[in-house]
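Just below is one structure, and these are the notes that go with it.
In this note's numbering, the protein residues as written are 1326 to 1375.
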């Protein structure tokens, strides 16, 4: 039973892997963009301007 479920899950993940990779790439790009802009919510407290 578990083996069948695991196989079904593997098939599902394989089918959606391309879309998932695109989504993760998009998220990483957004994070990199925010970091390059030094967004306040990503800044360390000691780096904030007074």
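Where a beta carbon is used, it is the ideal one built from N, C-alpha and C, also for glycine.
Using a Cβ-Cβ distance cut-off of 7 Å, determine whether residue i contacts chain C.
i: residue 1347; result: Checking the listed chains, one finds no chain C in this structure; it contains a single protein chain.
In whole angstroms, what is the alpha-carbon distance linking residue i and residue j?
i: residue 1328; j: residue 1352; result: 32 Å
i: residue 1341; j: residue 1335; result: 10 Å
i: residue 1346; j: residue 1357; result: 16 Å
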